[in-house]
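Protein chains: 2
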Amino acid sequence: MKVSIEQADYHAALATSVVIFGFDGESLNVLTATKENPPFEGASILPSAIVSPHRDVHETATSLLKKVTGVDHWYLEQLNAFAKLYRNPDGRVVNIAFYGTVKLDDKLLTQLKRKGYSWVPSNEVPPLAYDHDEILEFAKERLKRRVKRRPIGFSLLPKEFTLKDLQTLYECALGKSFDKRNFRRKIIGTEILIELDKKTKPTSDHKKPAQLYKFDEDKYQKMTLKGYPFVF
Amino acid sequence: MKVSIEQADYHAALATSVVIFGFDGESLNVLTATKENPPFEGASILPSAIVSPHRDVHETATSLLKKVTGVDHWYLEQLNAFAKLYRNPDGRVVNIAFYGTVKLDDKLLTQLKRKGYSWVPSNEVPPLAYDHDEILEFAKERLKRRVKRRPIGFSLLPKEFTLKDLQTLYECALGKSFDKRNFRRKIIGTEILIELDKKTKPTSDHKKPAQLYKFDEDKYQKMTLKGYPFVF
DNA sequence: TCAAAAGTGTTAATCCTACACCCATGC
DNA sequence: GCATGGGTGTAGGATTAACACTTTTGA
């Protein structure tokens, strides 16, 4: 059993990939990229970067996202390390992958188009190069698990939203649908929402105005830390 | 943004550490090691190994455990990668950590003593070198979460055990105590146990014989895959 | 006969699920 | 006035939590 580290042991490259889930009010999307050089030129992949010597992995992922989206403050959680020996044809590359969430607004959508990245509905992502399919699956499972135990939404919904929006989000993330009344009762029961003095403006397609809510930040934080049994 | 990998990017060493939980019928223990060379000579650490070029990380962890314990078939689950830039004074070493569980029998206890490794009650582990305290905390949280959603015990208890044993295990893992009747009803309700035609032999310290059970392997597997809401 | 741990049921409160109709608005 | 989605309550069943006494054995 090896006890000390030799020069020859510094042999691995580090990469990081990010699975970013973005909600647009209708569906959950995932940020994908296109590989622009060999190997796998032209293939879809997850946004990824090589971690340079003396750079932090997490910081590398954040700054990749800054460059791609223009957005700066990302909450990223480590998913796992993907370290199978021959996962990368270039050599031994260990991928430390993260996942995160974002509210999809027009700014985000536009900037991405300019740079060749794109948002794809999370259940229509094409096959990805390397082992990125596996990373994506891992992230989807993680998101599901998270949704069941901790509040989600702060990072996926706009500041003000309707209960319908929130329900749609949960339905997308968990892949099933809920009874409207039960859902509302349960969410209201958590006291995580604050009812605003506003309603949505009725739009052209015949709608009754809907009550707007925002999150109660304090309670949201507490629930994020402690978890709560929001199992559907 | 870097797009292809250069030689200089193969700069990191890979290490792996394992957090092994072992149950001895009374308490949950963790396998610890002693660092026998600088840096941190003499310090307690988690069992760890350097991953050589062309060796798989998981396989490295398994064979480390084989060497330490003599036991071969380990279920190890990846915890996370620990990759902070300066976590190791030797250089850039990324640690891909695993956790696993084992039934502590006499064989295991004896063999370890011979090799300087030892089992320490999980809430009495001394401060560890590197960032191994952090890894250990991470593992304890993971174990808790797992216990709440999936059956545990196959890998921590002997083939035949009493409901008391199982309850003690859950109490150790979750750090709280349960009502005996409610616990039994819930466990029996899962139908994961098979009642044997045996009872424990009363021992010297005045005990009534207790019913022995074993796991129903099929149901156990199904529950391991699907999860179940065993939230206490 | 006593000490020590095994084993056993009930009740009240809570939570979950299923279910159907009226309302406010723009067109 | 009609089409669209917003909004509301209840009842039955299931699950949980709290609670104390009797039994079997070795010493």
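Residue numbers (this note's numbering), protein chains in the order written: chain A, 35 to 266; chain B, 35 to 266.
We put the beta carbon where it would ideally sit given N, CA and C, even for glycine.
What is the DSSP secondary structure of Phe188 of chain B, counted as helix, strand or coil? Translated into positions along the second sequence, residue 188 of chain B becomes position 154. Three-state DSSP puts Phe188 of chain B in coil, outside helix and strand.
Supposed close pair Phe55 of chain A, Lys137 of chain A - CB separation, criterion 8 Å: Reading the first sequence from its first residue, position 21 is the one you call residue 55 of chain A. Reading the first sequence from its first residue, position 103 is the one you call residue 137 of chain A. No, Phe55 of chain A and Lys137 of chain A are not in contact; Cβ-Cβ is about 10 Å, not under 8 Å.
Just how far apart, CA to CA, sit Leu162 of chain B and Ala131 of chain B? In the second sequence, the residue the question calls residue 162 of chain B occupies position 128. In the second sequence, the residue the question calls residue 131 of chain B occupies position 97. Rounded to whole angstroms, Leu162 of chain B to Ala131 of chain B spans 15 Å at the Cα level.
Opening and closing residue of the alpha helix (DSSP H) in which Gln255 of chain A lies: For this step, residue 255 of chain A is matched to residue 221 along the first sequence. First-last of the alpha helix (DSSP H) with Gln255 of chain A: 251-260.
Which residues does DSSP list as the beta-bridge partners of Ala207 of chain B? Counting from 1 along the second sequence, the entry for residue 207 of chain B is found at position 173. Answer is none; Ala207 of chain B lacks a bridge partner.
Anything in chain A within Cβ reach of Gln145 of chain B, meaning under 8 Å, just list it in chain order. Here residue 145 of chain B refers to the residue found at position 111 when the second sequence is read from its first residue. Near Gln145 of chain B there are no residues of chain A at all, since even the closest Cβ is about 15 Å away, more than 8 Å.
Might you give, ordered along the chain, the residues of its own chain that have their beta carbon closer than 8 Å to the beta carbon of Lys233 of chain A, omitting 5 neighbours on each side? Within the first sequence, numbered from 1, the residue matching residue 233 of chain A stands at position 199. Pro243, Ala244, Gln245, Leu246, listed in sequence order.
Report the rounded CA-to-CA distance for Ala115 of chain A versus Ser51 of chain B, giving the unit in angstroms. Within the first sequence, the letter at position 81 stands for residue 115 of chain A. Within the second sequence, the letter at position 17 stands for residue 51 of chain B. When rounded, the distance between both Cα atoms is 14 Å.
C-alpha distance - Tyr44 of chain B paired with His166 of chain A, whole-angstrom precision: Here residue 44 of chain B is taken as the residue at index 10 of the second sequence, counted from 1. Here residue 166 of chain A is taken as the residue at index 132 of the first sequence, counted from 1. For Tyr44 of chain B and His166 of chain A, the distance between alpha carbons rounds to 21 Å.
Report the neighbours of Gln112 of chain B on chain A: residues whose CB is nearer than 8 Å to its CB, in chain order. Taking the second sequence and counting its residues from 1, the one referred to as residue 112 of chain B is at position 78. Asn114, Ala115, listed in chain order.
Short of 7 Å Cβ to Cβ, which residues in the segment 43-63 of chain A face chain B? Asp43, Tyr44, His45, Ala46, Ala47, Leu48
Against Gly125 of chain B, what residues of chain A qualify as contacts under a CB-to-CB distance less than 8 Å, listed in chain order? In the second sequence, residue 125 of chain B corresponds to position 91, counting from 1. In chain order: Ile39, Tyr44.
Leu138 of chain A, DSSP secondary structure in three states: Start at 1 with the first residue of the first sequence, and residue 138 of chain A comes out as number 104. It is coil, neither helix nor strand.
By the three-class DSSP mapping on this structure, what secondary structure does Ala117 of chain A have? The sequence position of residue 117 of chain A within the first sequence is 83, counting from 1. Residue state, collapsed to three classes: coil.
Proximal residues to Tyr133 of chain A (C-beta, below 8 Å), its chain only, five neighbours per side dropped: Residue mapping note: residue 133 of chain A aligns to position 99 of the first sequence, counting from 1. Same-chain partners within the cutoff: Val52, Val53, Ile54, Phe55, Leu110, Glu111, Leu113, Ala173, Arg176, Leu177.
Please tell me whether Val91 of chain B has its Cβ less than 8 Å away from any Cβ of chain A. As a first step, residue 91 of chain B is located in the second sequence; it is residue number 57 there, counting from the start. Closer than 8 Å: yes.
Taking Cβ-Cβ distances shorter than 9 Å, what residues in chain B pair up with Ser86 of chain A? Walking along the first sequence from the start, residue 86 of chain A turns up at place 52. Residues of chain B passing the Cβ test: Lys36, Ala42, Asp43, His45.
Our contact map puts Thr66 of chain B next to Val159 of chain B with C-beta atoms below 8 Å; I'd like the distance itself, whole angstroms only. For this step, residue 66 of chain B is matched to residue 32 along the second sequence. For this step, residue 159 of chain B is matched to residue 125 along the second sequence. The pair is a contact, with the Cβ atoms about 6 Å apart (cut-off 8 Å).
Residues of chain B with CB closer than 8 Å to the CB of Val105 of chain A, please, in chain order. Counted from its first residue, the first sequence places residue 105 of chain A at position 71. Within 8 Å Cβ-Cβ: nothing; Val105 of chain A doesn't reach chain B, min ~15 Å.
Would you call the segment 254-262 of chain B in contact with the segment 222-233 of chain B, where contact means no fewer than 3 C-beta pairs closer than 8 Å? yes
Measure from the alpha carbon of Gly125 of chain B to the alpha carbon of each residue in A:Glu40, A:Leu208, A:Lys100, A:Phe188, then state which is nearest. Working through the second sequence from its first residue, we reach residue 125 of chain B at position 91. It is A:Glu40 whose Cα lies nearest to the Cα of Gly125 of chain B.
Would Val128 of chain B count as contacting chain A if we go by Cβ distances under 8 Å? Indexing the second sequence from 1 puts residue 128 of chain B at position 94. Judged by the 8 Å Cβ criterion, Val128 of chain B is in contact with chain A.
Test item: CB-CB of Ala77 of chain A and Thr94 of chain A under 8 Å: Working through the first sequence from its first residue, we reach residue 77 of chain A at position 43. Working through the first sequence from its first residue, we reach residue 94 of chain A at position 60. No. Outside cutoff.
Start-end ranges of the beta strand (DSSP E) lying completely within the segment 192-246 of chain B, minimum 3 residues: 227-233
is_contact[Leu119 of chain A, chain B] using C-beta, thresh 8 Å: Walking along the first sequence from the start, residue 119 of chain A turns up at place 85. Chain B, which has a Cβ nearer than 8 Å to the Cβ of Leu119 of chain A, makes this yes.
Using DSSP's beta-bridge definition, name the partner residues of Leu65 of chain A. As a working note, residue 65 of chain A is residue 31 in the first sequence. The partner list for Leu65 of chain A (beta bridge, DSSP) reads A:Trp153.
Using three-state DSSP, classify Val181 of chain B as helix, strand or coil. For the purposes of this step, residue 181 of chain B is taken as the residue at position 147 of the second sequence. Three-state result, Val181 of chain B: helix.
What residues in its chain sit with their C-beta under 7 Å from that of Phe217 of chain A, if we drop five residues either side in the sequence? Mapped onto the first sequence, residue 217 of chain A falls at position 183. Excluding residues within five positions, the ones whose Cβ falls inside 7 Å are Gln201.
Give every residue of the same chain whose Cβ lies closer than 7 Å to the Cβ of Val85 of chain B, excluding the five residues on either side of it in the sequence, and list them in chain order. For this step, residue 85 of chain B is matched to residue 51 along the second sequence. Answer for Val85 of chain B: Leu48, Ala49, Thr50, Val91, Thr94, listed in chain order.
Please report the distance separating the alpha-carbon of Asp250 of chain B from that of Lys198 of chain B. Within the second sequence, numbered from 1, the residue matching residue 250 of chain B stands at position 216. Within the second sequence, numbered from 1, the residue matching residue 198 of chain B stands at position 164. Between Asp250 of chain B and Lys198 of chain B, the C-alpha separation is close to 18 Å.
Leaving out five residues on either side along the sequence, give the residues of the same chain with a beta carbon under 6 Å from the beta carbon of Arg219 of chain A. Here residue 219 of chain A refers to the residue found at position 185 when the first sequence is read from its first residue. Contacts found: none.
Quick one, which residues of the segment 67-82 of chain B are near chain A if we go by CB-CB under 7 Å, in chain order? Glu70, Asn71
If you follow the beta strand (DSSP E) that Ala95 of chain A is in, where does it begin and where does it stop? Here the question's residue 95 of chain A lines up with position 61 in the first sequence. Counting along the chain, Ala95 of chain A falls outside any beta strand (DSSP E), though it belongs to the alpha helix (DSSP H) covering 91-103.
Roughly how many angstroms lie between the CA atoms of Lys100 of chain B and Arg89 of chain B, to the nearest whole one? Locating residue 100 of chain B in the second sequence gives position 66, counting from the first residue. Locating residue 89 of chain B in the second sequence gives position 55, counting from the first residue. So the two alpha carbons sit approximately 16 Å from each other.
Nearest by alpha-carbon distance to Val64 of chain B: which of B:Leu190, B:Lys241, B:Pro73, B:Asp239 is it? Counting from 1 along the second sequence, the entry for residue 64 of chain B is found at position 30. Measuring from the Cα of Val64 of chain B, the nearest candidate turns out to be B:Leu190.
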